[in-house]
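2 protein chains.
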Amino acid sequence: MVSLKLSSFTHFFSTPSTTAISHRSPIILRRRFRQPLAANFSAKATAAETTKDKVDNSKNKVPDRVITPRSQDFNAWYLDIIAHAELADYGPVRGTMVIRPYGYAIWESIQEYLNVKFKETGHSNMYFPQFIPYSFIEKEASHVEGFSPELAVVTIGGGKELEEKLVVRPTSETIVNHMFTQWIHSYRDLPLLINQWANVTRWEMRTKPFVRTLEFLWQEGHTAHSTPEEAENEAKQMIDIYTRFSYEQAAIPVITGRKSKVETFAGACKTYTIEAMMGDRKALQAGTSHNLGQNFSRAFDTQFTDENGQREYIWQTSWAVSTRFVGGIIMTHGDDAGLMLPPKIAPIQVVIVPIWKKDDEKMTVLNAALSVKEGLQNSGIKVKLDDSDQRTPGWKFNFWEMKGVPLRIEIGPRDVSSASVVLSRRDIPGKQGKLFGIPMEPSILEACVKDKLDEIQSSLLERAIAFRDSDEDELKVKEETGATIRCFPFEQPQGIKRCLMTGDPAEEVAIFAKSY
Amino acid sequence: MVSLKLSSFTHFFSTPSTTAISHRSPIILRRRFRQPLAANFSAKATAAETTKDKVDNSKNKVPDRVITPRSQDFNAWYLDIIAHAELADYGPVRGTMVIRPYGYAIWESIQEYLNVKFKETGHSNMYFPQFIPYSFIEKEASHVEGFSPELAVVTIGGGKELEEKLVVRPTSETIVNHMFTQWIHSYRDLPLLINQWANVTRWEMRTKPFVRTLEFLWQEGHTAHSTPEEAENEAKQMIDIYTRFSYEQAAIPVITGRKSKVETFAGACKTYTIEAMMGDRKALQAGTSHNLGQNFSRAFDTQFTDENGQREYIWQTSWAVSTRFVGGIIMTHGDDAGLMLPPKIAPIQVVIVPIWKKDDEKMTVLNAALSVKEGLQNSGIKVKLDDSDQRTPGWKFNFWEMKGVPLRIEIGPRDVSSASVVLSRRDIPGKQGKLFGIPMEPSILEACVKDKLDEIQSSLLERAIAFRDSDEDELKVKEETGATIRCFPFEQPQGIKRCLMTGDPAEEVAIFAKSY
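Residue numbers (the working numbering), protein chains in the order written: chain B, 20 to 535; chain D, 20 to 535.
Next comes the structure, spelled out in structure tokens:
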């Protein structure tokens, strides 16, 4: 387990007080605290396209100019990055999103890591149909209360009105339990550990690319166990995998903990969460793991025969990370120049920009650049050579900075003469981020590049931790304007705890923040 | 390009005669020739479950007994394999399928290979929303004619009747073109080469697991080009990749060629296909690549400015392989004992079955088995050790044969004494498929196992080719009962061709077969 350093982000105290509201739907309560988004999804699309045309038609226009400064308008900045770094675009149906190749490649990095971890911990991938009979959703009381307001419903199939309406899955617990009931007979069939990579649909009213869209991509794990302890361990193991991923790959210092009753998943006993703090100091729920107890097994009559021949309901978990995580990466690391990607999840880790003025220099420089590219590629580094002559080197510098590529290699005629290159770090602007005279000699250059990528990876995490733990006052002010409990962190401070509002002794520390 | 050997499968001649029917919908015409399926989807599910219970409750019941012999009833045999090898199960909605871990792992093998090939040929993955405004489907005349009878339609979202009905994608050409129109401005934006891995929905009336389900998984490639030649080359390149996959990975000797006008995709100018012959001598369309010409770009006004400043419609292709391919693998290689998987796509390539009688033998045998397993695993072989003491070795032999595992390693006390193992090939039954006294010494054993897996891979392909090219008379008889043109093969025989029916000179050889 990664060590979680808690300071200012964790200084609001509360006693869990849930009895009065436990009958309310968590989903509905949660929505009440959501912030209206400044930009209209569709209107913004048109604006973005117009700006894009401008970029396309002016060869030397510096592309970072088109991005609203982050400090000026965080939301506009976010949407500008998504448009100009070509991460996503707006689909024709309100609130839907087209994930473009560069954005999808970030999702693929997330998938590659998690898929391996899921398999290492004994889970198998499979696939459940996305159409769920409406009656299934109604079987678990709090589940239907939470999800029924946001369902997309198929009523016509093959030209005919359907006898039973079909729900397009908002999540799969119900259909999973329907199948588990058929597959699980005895304790020998347990634990059953599965996962699926799929699309899900939730009819959200306020949408924002990656963060909240009508349809999104995710993985959903579903497991069945013979004891409550095993289910609890599983739920914790999976939130731990998400935590490690956040720290070690995405360089996001999430706070891991338990959700309050109000914020617990509709149908779960306990929800564990990783909460990430975005650049505007709002919290983003970046992944959750639910201990479902026997809620769904009782609703779907999913029983097994234990070692003593007794019939018992199974104990279950489910856990998910979605394309929302891509939004979290943008909002954690980006700056005024655009996107900034941690090397471990960057689709392009190194971009090579060749520089020439005269025609006779061009071939020499391009040959050197190509050979540098091949060397790096062979040593497993994701590298792109931008050899187009449509744009100036200055334009390319800005463009690839805006796309968040961690490291740039510059090669000009003088560098070729001295058999060296210039490295430039995305995370340190200007001359301070440059390293001159790095030998082109493949073994030296490759070691140096890998070294720098590691440094950038660490530096992004350190910076995000420092940001998360600074500016207590600002966070306090934000909280007073309507923050919610994000979680009860696993790591609790020592000493006596008191409630912020009443001064009474408190059992646990809770994290409050405004959330996406 | 793999060499295609054509003989008996290619002995029906025809002149393409399309004018009279070109105004008809290819989809509707195609359906007319489909064979009714013997088994009712849902009724069969119940039968399968009942049989499964029997297996679970009788420790030593030989599992292959539960599979209907292939020669007796091909369709029942197919459904039995799917149930007992735990490849898939029936979803709660008619015609939907749950892909279980073992079946999904075969799909993952397909994905891994194709995904690499797509990227090597310059394609990027991305993701389009699955909800398509109904009006989009209506824009391309033959597209709507082909797909409108099989649409699933969302009419309610977030509890409200929608203003415009939404189609759950049956394929994505329309929404892709809607987006291409926004992204493509000049010839510099071309070619645009993308792919998505996604689920699609077609409201089929007659369904069969993997072969035809309401919802299935696939990849769909979509490309845009500035010239018709480039689009044609792309369409051919992709059908070539599918052909190589079929031969080299799936050991299926498909016949690659062009579809007749009637069988061409709704909205395409030309459809290339790979046609596979199943164990019952019916053809299975296992993958298609379409040259869409300018049909969709005209309907969606997708234009670009060429190098001379002229506005032109783009030229397009699309191409797809789906989970249907898993059905093709089952029906090509399976036999009375169950599934038979080519090593290159088998989720488990080698199963180790330890054999002991006395308790004091158990530990020795299991230790040896474990060490053999680790050695093979480290050399990249997908290996499973079945060390459960719930079943006898004989039961395990039959079970893993039924699951189609290409190679079995048997280790008993005597083998441990002589530091050797017994290998047993899935594709050669009985003693003839056994190799005795193979040294346990890791380097020798691993080389031997790899060698045998290669042999099995080749042998499966050779056997499938021999089967495809044999029994001309039987094929002729089948054809006379209602076969359709599967394709005009790229490889045409030499000499004068005549029409089978009229005796008139013919231009091209066509493949006829009954199809799934």
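Note that CB positions come from ideal geometry on N, CA and C, so glycine has one too.
Could you tell me the alpha carbon to alpha carbon distance between residue 303 of chain B and residue 468 of chain D, rounded to whole angstroms?
Stepping through the first sequence from its first residue, residue 303 of chain B is reached at position 284. Stepping through the second sequence from its first residue, residue 468 of chain D is reached at position 449. CA-CA distance, residue 303 of chain B to residue 468 of chain D, rounds to 50 angstroms.
CB-CB under 7 angstroms to residue 320 of chain D, same chain, minus the five flanking residues each way: which ones, in chain order?
Reading the second sequence from its first residue, position 301 is the one you call residue 320 of chain D. 200, listed in sequence order.
Ordered along the chain, which non-local residues of its own chain (more than five positions away) have a Cβ less than 6 angstroms from that of residue 507 of chain D?
Counted from its first residue, the second sequence places residue 507 of chain D at position 488. Excluding the 5 residues flanking it on each side, residue 507 of chain D has same chain C-beta neighbours closer than 6 angstroms at 276, 277, 527, 529, in chain order.
Check the DSSP bridge columns for residue 260 of chain B and list the partner residues they point to.
As a first step, residue 260 of chain B is located in the first sequence; it is residue number 241 there, counting from the start. Residue pairing by DSSP places residue 260 of chain B opposite no residue, since no beta bridge is assigned to it.
Following the continuous alpha helix (DSSP H) through residue 486 of chain D, name the residue where it begins and the one where it ends.
Sequence index remark: in the second sequence, residue 486 of chain D carries index 467 (1-based). Element bounds for residue 486 of chain D: 461-487.
Tell me the rounded alpha-carbon separation between residue 502 of chain D and residue 534 of chain D.
As a position in the second sequence, residue 502 of chain D is number 483, starting the count at 1. As a position in the second sequence, residue 534 of chain D is number 515, starting the count at 1. Each residue's alpha carbon lies about 7 angstroms from the other.
Kindly indicate which residue of B:166, B:451, B:299, B:483 has the alpha-carbon position closest to the one of residue 219 of chain B.
Counting from 1 along the first sequence, the entry for residue 219 of chain B is found at position 200. Answer by Cα proximity: B:166.
What first and last residue would you give for the beta strand (DSSP E) that runs through residue 296 of chain D?
In the second sequence, residue 296 of chain D corresponds to position 277, counting from 1. Here the beta strand (DSSP E) through residue 296 of chain D covers 289-296.
Look at the Cβ atom of residue 104 of chain D, then the Cβ atom of residue 116 of chain D, and state whether they are nearer than 8 angstroms.
For the purposes of this step, residue 104 of chain D is taken as the residue at position 85 of the second sequence. For the purposes of this step, residue 116 of chain D is taken as the residue at position 97 of the second sequence. For residue 104 of chain D and residue 116 of chain D, no; Cβs fall outside 8 angstroms.
Amino acids of chain D, ordered along the chain, whose beta-carbon sits closer than 8 angstroms to that of residue 337 of chain B
Position 318 of the first sequence holds residue 337 of chain B. The premise fails here: residue 337 of chain B is roughly 16 angstroms from chain D at the closest Cβ pair, so nothing lies under 8 angstroms.
Run through chain D and tell me which residues come within less than 7 angstroms of residue 196 of chain B, C-beta to C-beta.
Your numbering for residue 196 of chain B matches position 177 in the first sequence. Result: empty, since nearest Cβ-Cβ is about 11 angstroms, beyond 7 angstroms.
Ranges of the alpha helix (DSSP H) found wholly within the segment 96-141 of chain B, counting only runs of at least 4
Fully enclosed alpha helix (DSSP H) runs of 4 or longer: 120-139.
Could you name each continuous alpha helix (DSSP H) segment of 4 residues or more that falls completely within the segment 312-343 of chain B, going from the start of the chain to the end?
Qualifying alpha helix (DSSP H) stretches, in chain order: 314-319.
Distance, residue 213 of chain D Cα to residue 42 of chain B Cα
Taking the first sequence and counting its residues from 1, one reaches residue 42 of chain B at position 23. Taking the second sequence and counting its residues from 1, one reaches residue 213 of chain D at position 194. The predicted model places residue 42 of chain B with a pLDDT of 35, which falls under 50 and marks its position as unreliable, so this point remains unresolved.
Candidates B:505, B:316, B:185: which alpha carbon is nearest residue 531 of chain B's?
Walking along the first sequence from the start, residue 531 of chain B turns up at place 512. Minimum Cα distance to residue 531 of chain B is reached at B:505.
Smallest Cα separation from residue 509 of chain B: which of B:395, B:416, B:198, B:262?
By 1-based counting over the first sequence, the position of residue 509 of chain B is 490. Among B:395, B:416, B:198, B:262, the Cα nearest to that of residue 509 of chain B is on B:262.
Residue closest to residue 418 of chain B, alpha-carbon to alpha-carbon, out of B:250, B:371, B:93
Taking the first sequence and counting its residues from 1, one reaches residue 418 of chain B at position 399. Ranking the options by Cα distance to residue 418 of chain B, first place goes to B:371.
In angstroms with no decimal places, state the Cα-to-Cα distance between residue 484 of chain D and residue 301 of chain D.
Sequence index remark: in the second sequence, residue 484 of chain D carries index 465 (1-based). Sequence index remark: in the second sequence, residue 301 of chain D carries index 282 (1-based). Here the alpha carbon of residue 484 of chain D sits roughly 15 angstroms from the alpha carbon of residue 301 of chain D.
By how many angstroms is the C-alpha of residue 143 of chain D removed from the C-alpha of residue 120 of chain B?
Stepping through the first sequence from its first residue, residue 120 of chain B is reached at position 101. Stepping through the second sequence from its first residue, residue 143 of chain D is reached at position 124. So the alpha carbons of these two residues sit roughly 6 angstroms apart.
Could you tell me if residue 247 of chain B is buried or exposed, where buried requires 16 or more neighbouring beta carbons within 10 angstroms of its beta carbon?
Locating residue 247 of chain B in the first sequence gives position 228, where the first residue counts as 1. With fewer than 16 other Cβ atoms inside 10 Å of its own Cβ, residue 247 of chain B counts as exposed.
Exposure label - residue 135 of chain D; buried when at least 16 CB within 10 Å
Taking the first residue of the second sequence as 1, we reach residue 135 of chain D at position 116. Burial check for residue 135 of chain D: the Cβ neighbour count within 10 Å stays below 16, so the residue is exposed.
Alpha carbon to alpha carbon, what distance is there between residue 347 of chain B and residue 62 of chain B?
Here the question's residue 62 of chain B lines up with position 43 in the first sequence. Here the question's residue 347 of chain B lines up with position 328 in the first sequence. The predicted position of residue 62 of chain B is uncertain, since its pLDDT is 34 and thus under 50; no value can be drawn from it.
Does the Cβ of residue 386 of chain B have 16 or more other Cβ atoms within 10 Å, making it buried, or fewer, making it exposed?
On the first sequence, residue 386 of chain B is found 367 positions in, with the first residue counted as 1. Exposed is the call here.
Continuous beta strand (DSSP E) stretch holding residue 503 of chain B: start and end
Mapped onto the first sequence, residue 503 of chain B falls at position 484. Residue 503 of chain B -> beta strand (DSSP E) spans 503-508.
Could you work out which residues of chain B lie near residue 178 of chain D, taking near to mean beta carbons separated by less than 7 angstroms?
Walking along the second sequence from the start, residue 178 of chain D turns up at place 159. The answer, in chain order, is 168.
If the cut-off is 7 angstroms on Cβ atoms, which residues from the segment 123-141 of chain B count as contacting chain D, listed in chain order?
So the close ones are 123, 127.
Rounded to a whole number of angstroms, what is the C-alpha to C-alpha distance between residue 19 of chain D and residue 250 of chain D?
Because residue 19 of chain D is not part of the residues shown, which for chain D are 20 to 535, the question remains open.
Closest Cα partner of residue 423 of chain B within the set B:414, B:398, B:352, B:397:
Walking along the first sequence from the start, residue 423 of chain B turns up at place 404. For the residues B:414, B:398, B:352, B:397, the minimum Cα distance to residue 423 of chain B belongs to B:352.
Can you find a CB in chain B that lies within less than 8 angstroms of the CB of residue 222 of chain D?
Residue numbering aside, residue 222 of chain D sits at position 203 when the second sequence is read from its first letter. At least one CB of chain B lies nearer than 8 angstroms to the CB of residue 222 of chain D.
Which of the three DSSP states, helix, strand or coil, is assigned to residue 442 of chain D?
By 1-based counting over the second sequence, the position of residue 442 of chain D is 423. Correct three-state label for residue 442 of chain D: strand.
Taking the beta strand (DSSP E) that residue 174 of chain B falls in, what are its first and last residues?
To locate residue 174 of chain B, count along the first sequence from 1; it is residue 155. In the DSSP assignment, residue 174 of chain B falls within the unbroken beta strand (DSSP E) covering 171-176.
How long is the line joining the alpha carbons of residue 384 of chain D and residue 442 of chain D, rounded to whole angstroms?
Within the second sequence, numbered from 1, the residue matching residue 384 of chain D stands at position 365. Within the second sequence, numbered from 1, the residue matching residue 442 of chain D stands at position 423. Going by the C-alpha atoms only, they are around 16 angstroms apart.
Please identify, using Cβ separations under 8 angstroms, the residues of the segment 404-420 of chain D that lie next to chain B, in order along the chain.
Taking 8 angstroms as the cut-off between beta carbons, the residues of the segment 404-420 of chain D near chain B are 409, in sequence order.
Proximal residues of chain B, C-beta to C-beta of residue 540 of chain D below 8 angstroms:
There is no way to answer for residue 540 of chain D, as the model of chain D reaches only from 20 to 535.
Exposed or buried, residue 463 of chain B, counting other C-beta atoms within 10 Å across all chains shown (16 or more means buried)?
Translated into positions along the first sequence, residue 463 of chain B becomes position 444. Residue 463 of chain B is exposed by the Cβ-count criterion.
Determine whether the Cβ of residue 525 of chain D lies closer than 8 angstroms to any Cβ atom of chain B.
Here residue 525 of chain D is taken as the residue at index 506 of the second sequence, counted from 1. No, no contact with chain B.
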